[in-house]
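Okay, structure first, notes after.
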Amino acid sequence: MRRHLIHFLLVAVLTVCSAATAIAQVTVKGQVVDAETGEPLIGAAVTIVGTTQGSVTNLDGMFTQKAASGSTLLIKYLGYKEFSKKITQKGGTEDLGVIKMAADAMVLNDVIITSSVAVSRKTPVAVSTVDPVFIEEKLGTQEFPEVLKSTPGIYATKQGGGFGDSKVNIRGFKTENSAMMINGVPMNDMEWGGIYWSNWAGLSDVTRSMQVQRGLGASKVAAPSVGGSINIVTNTIDANKGGFVSYGMGNDGLNKILFKVSTGLTKSGWAMTLLGGKTWADGYIQGTNYEAYNWFVNITKRFNDNHQLSFTAFAAPQWHNQRGNKDGLTIEGWQEVAKNYMNGEKPYRYNPTYGFGLNGQRKSSAYNVYNKPQLSLNHLWQINEKSSLSTALYASIGRGYGYSGQGLTSADRSNWYGSNNGNLNMTFRKADGTFAYDEIYALNEASENGSVMAMSKSKNFHNWYGLLSTYTTKFGDYFDFYGGIDYRYYKGTHTNELVDLYGGDFYVDSSSRKSVLASNNAAAAAGSSFVNQKLKVGDIVYRDFDGYVMSEGVFAQGEYNRDKLSAFISGSVSNTGYWRYDRFYYDKAHAKSKTVNFIGWNAKGGLNYNLTENHNVFANIGYISRAPFFSGGAFLNSTVSNATNPDAVNEKVFSFEIGYGYRSSFLTVNINAYHTRWMDKTTTRSQDITNYYEGSLSEPYDASKLVSTKSVINMQGVNALHQGVELDFVAKPFQWLDLSGMFSIGNWRWDSNASGSFTVEGQFVNSASIKGSDGKDVTVLVNAAANGLEPGTMKLNLKDVKVGGSAQTTAALGATFKIDKALRLGIDWNLYARNYADWSLNSNDLVMNSEKDFSTPWRIPTASTFDLNASYKFNFGKLNAVLSGNVNNLFDQTYISDATDGSNHDWKTAYNVFYGFGRTYSLRLKVNF
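Residue numbers -24 to -1, 1 to 905, in mature numbering (1 follows the signal peptide of the UniProt record, and there is no 0), belong to the letters of the sequence shown in order.
Quick look at the structure:
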């Protein structure tokens, strides 16, 4: 009886307690967003202090959590200050609304090494930020940089259409004049400034944020850009344990598998994230199949509140067949392709170098292989509550090559191309339009002089090391100081190695070897035996040199932040040294060039004033003096010569900008106007010559002193003016609808006429006549100074000519419909207008002691496209999953994305024309665990 009574009393007590607990339970909900940008924070940890209860925020930053009345709700997200709230309500639902979490600079600095990320309503620059949700929803089958196409001032295209062969211009400035950074570390090629996006195609899967700073930007590194910068911040410590697996598929055999796993931050302070994936496809463009891998690892140890060490490594090894960026046709040429070859398919998918060799095996003259792992070790030392030191050691080891066709004559080399100046190359063309590689075998086998045409690997290996260290401290309550060092060392090895003789027994590289001067390489004194040496697979042709770049820089910035005012002033100084070591055109005694050094510097400042909680204005101004590039700047012809540029000078940039911003809970608007003047742009061009005379005009003519080589002109006084207005907005009129848009209009034109002098091996030359052995005048090029002549010159008249290669007017509108908590639907519209065909000075324009008039290039027709995306979240057993899909160019619009201006500046003579991709699609299933 007593036992039953005890059981009864126990059950009664438990029932009462349970009822009391149930009565006191509160359902807490809210949305967690970034305090500055208003973007949702995904995966923030929501817990009840002192319990094991918890949840995470979803893709919209939303959460729902049960809590007892009187308990404390705690929200944590890596890189942000914690948020806590005591729950006082008894029962029912407590809606906390929008919870704005402020960034914790101490944690962020470990990732953003140089503190180069701009902050809304504080940093006075024009900036746009893309989060991983946007990338995941919008990218689809597009190239990684194309996700930025709805950003003001951005023009991104696929160019030839091969995997990773895309370009992105900022405010009309080409890739080499816009900085691409990963975690604050510059990634532009150290020799010519460009970016190969195929090396970074896998970055979209590990991107934490992607920020475009247009114009001067907030970057403090000592090598500033002209047009702007793209800073990609990768994942580091994942706040939560878990990961995902995904599989995607799409048009033209696209397949993508991916996994990610993270330990989260353990109690002992360790965290590790691993990611791996593979992508393969046939390619939208004919014959552009590819296979790409990507991997990422981050291992972080947080020793205590003062020290954190993080190791990050990633790479995207790939191979892909290409459609060369010079293999576009004229518009009429594409029409002929449609009529003769494509059998009703879109003619713009045609690839003029797609073809087959003997026995039907696939052959290509446009093929690329590369692997460029990036390794970095980052240390954060929080010295005290006011000061910190962030240091990064990094290394990049690049290995790979692209195919480069060789030939006995320039015509033979040109025959490797699918087109020449927009005209389809018909020398080796099958009736079905494919390239007849088998006929090259027949040509070579019939030759008594070895292979007439052969294929080489254009190998580009590099070792790149750097150190970035930034010291931060606070003086008083309002002034912050940043200072640091930026050191880089680069060695690039460039060779062309024979890989396929196409049926020939040997290859004679006479076209290159006859340009080797005996004064530079004693082997050339052997004459024909040197020039006509029989080469086999594995032997070197055309080039074999190392390019060296060493840069040392210091930078400093002061920031004043008080109440409504934020202001900064910054500057940097760097020394950039260049030298070459050539094993082809020079013997060991002459292999190393002299070292040339350039001092670069920049100074900039700006201020932001928050008029109210909603309105702010900003302005910035700056001046940059930037060292010329290694290629085509410091060295006149860096591929084949140690000759330095006698007229090399720093490029200068002066820029100022004003802007206005509006922020509210439902509308964000930014508008800015900019003025950028680019002065002394490096412009060099070379041409092959056969009449360089090494003798003296005062002595009898000696035909043996007439040699073939290259002449180079360095244009001086090439200036450009880029100015414009940019607008972007985000609106949230309803809980179920997000709207976004932008409008950008530029006026980009060349702002001067220019002139330059011709050189051979760095010595000024001019044209002259000398009596030949037959008494007739022979026109030759000679060393001007040695023969008492002024240098031969050329003038370019290009003032007020439009800058080509980018749409000067762009616009975008986007809408995302949140149909319910699980289903999202988005549609985006993009406009490209006032897009002038690209143009440049080419070797055919070079005529000594003459003038060349340029005219405004052909204006490509205005185009617009629509993209569609959708995602659906659902439970997969105990796991949550997302099914997403994209359709790009929804209405299959036909439009021209790239072209080169022709002789008459109209559509008929425009060449190297490429059309944008037609309708493409992709589907992806992602399962989170």
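The beta-carbon is built from N, C-alpha and C at its ideal position, and this holds for glycine as well. Small disclaimer: the values here were computed from a predicted structure and weren't measured.
Below 8 Å CB to CB, which residues in the same chain sit around VAL863 once its five sequence neighbours on both sides are set aside?
Apart from the 5 residues on each side of it in sequence, VAL863 sits with its Cβ closer than 8 Å to the Cβ of GLY116, ASP843, LEU844, ASN845, ARG895, THR896 and TYR897 in its chain, given in chain order.
Among the candidates SER423, ASP515, LEU305 and GLY608, whose CA atom is the shortest distance from the CA of GLY523?
GLY608
Alpha carbon to alpha carbon, what distance is there between PHE740 and TYR669?
Cα-Cα distance, rounded: 13 Å.
Secondary structure at ILE307, three-state DSSP: helix, strand or coil?
helix
What do you get for LYS243, buried or exposed, if any count of 16 or more other CB atoms within 10 angstroms of its CB means buried?
exposed
Verify whether the separation of the beta carbon atoms of TYR848 and LEU859 is less than 8 Å.
yes
Counting along the chain, where does the beta strand (DSSP E) carrying PHE290 start and finish?
283 to 291
Can you tell me whether DSSP reads PHE404 as helix, strand or coil?
Here PHE404 carries a coil assignment [DSSP, helix/strand/coil].
Measure the beta-carbon distance from ASN584 to ASN592 and round it to whole angstroms, keeping in mind my assumption that it falls under 8 Å.
6 Å
Could you tell me which of ASN646, ASN695, THR659 and GLY748 sits nearest to SER672, measuring between CA atoms?
GLY748
Where GLY263 and VAL109 are concerned, what is the direct C-alpha to C-alpha distance, given to the nearest angstrom?
GLY263 and VAL109 have their C-alpha atoms roughly 32 Å apart.
Starting from GLY505 and walking both ways along the alpha helix (DSSP H), at which residues does that stretch end?
A quick correction: the sequence has Ser, not Gly, at residue 505. Taken as a continuous stretch (DSSP letters only), the alpha helix (DSSP H) holding SER505 covers 504 to 507.
Quick one: residues in its chain with C-beta nearer than 6 Å to the C-beta of SER728, no 5 flanking neighbours on either side, listed in chain order?
Only GLY693, ASN695 and LYS775 meet the Cβ criterion.
Between the stretch 825 to 834 and the stretch 765 to 772, do at least 3 Cβ pairs fall closer than 8 Å?
yes
Mind reading off the beta-carbon distance from ILE51 to ALA11? Whole number of angstroms is fine, and I expect it under 8 Å.
Approximately 13 Å separates the beta-carbon atoms of ILE51 and ALA11; this is outside 8 Å, ruling out the contact.
Taking only runs that begin and end inside the stretch 648 to 680, name each unbroken beta strand (DSSP E) of 3 or more residues, in chain order.
659 to 669
Any idea if ALA760 is buried or exposed, counting beta-carbon neighbours within 10 angstroms, 16 or more meaning buried?
buried
Just the Cα atoms here: how many angstroms apart are ILE(-2) and PHE719?
Low confidence applies to ILE(-2): its pLDDT is 42, below 50, so where it sits in the model is not reliable enough to give any reading.
To the nearest angstrom, how far is it from the Cα of THR33 to the Cα of PHE39?
5 Å
Just the Cα atoms here: how many angstroms apart are GLY751 and SER680?
17 Å
Looking at LEU477 and ASP515, is the spacing between their C-beta atoms short of 8 Å?
no
Within the same chain, show all residues whose beta-carbon is closer than 8 Å to that of SER819, passing over the 5 residues directly before and after it, in chain order.
ARG661, SER662, GLN663 and ASP664
If we call anything under 8 Å between Cβ atoms a contact, is VAL616 one with GLU167?
no
Who pairs with ARG835 in a beta bridge, going by DSSP?
TYR812
Please return the same chain residues whose Cβ sits closer than 6 Å to the Cβ of ALA494, not counting the five positions on each side in sequence.
ALA500 and ALA501
Report the rounded CA-to-CA distance for TYR223 versus LEU899, giving the unit in angstroms.
8 Å
For VAL202, collect the residues of the same chain with a Cβ closer than 8 Å to its Cβ; drop the 5 residues on either side in sequence, then sort them by chain order.
PHE149, ASN153, SER154, ILE600, ARG602, GLU627, VAL629, THR652 and TRP654
Which class does residue 906 belong to by DSSP, given the choice of helix, strand or coil?
Since the first residue of the chain shown is -24 and the last is 905, residue 906 is not available in this structure.
My guess is that TYR557 and PHE606 are in contact by the Cβ rule of under 8 Å, so how many angstroms apart are they, rounded?
Contact between TYR557 and PHE606 is ruled out by a C-beta separation of about 13 Å, above the 8 Å threshold.
Based on the DSSP output, what are the partners of PHE451 in its beta bridges?
PHE455
Between GLY129, PRO100, GLY219 and SER684, which lies nearest to SER195 when the distance is taken from Cα to Cα?
Cα-wise, what sits closest to SER195 is PRO100.
Assuming VAL221 and VAL903 make a contact with CB atoms under 8 Å, what is their CB distance in whole Å?
The Cβ separation is near 6 Å, so the contact holds.
Is it true that the stretch 439 to 449 meets the stretch 375 to 383, where meeting means three or more beta-carbon pairs spaced less than 8 Å apart?
Contact fails: fewer than three Cβ-Cβ distances are below 8 Å.
Just to confirm, is the Cβ distance from PHE411 to PRO328 under 8 Å?
For PHE411 and PRO328, yes; Cβs fall inside 8 Å.
By DSSP, does ASN584 sit in helix, in strand, or in coil?
Strand.
Which term fits ILE795, buried or exposed, when burial requires 16 or more other beta carbons within 10 angstroms of its beta carbon?
exposed
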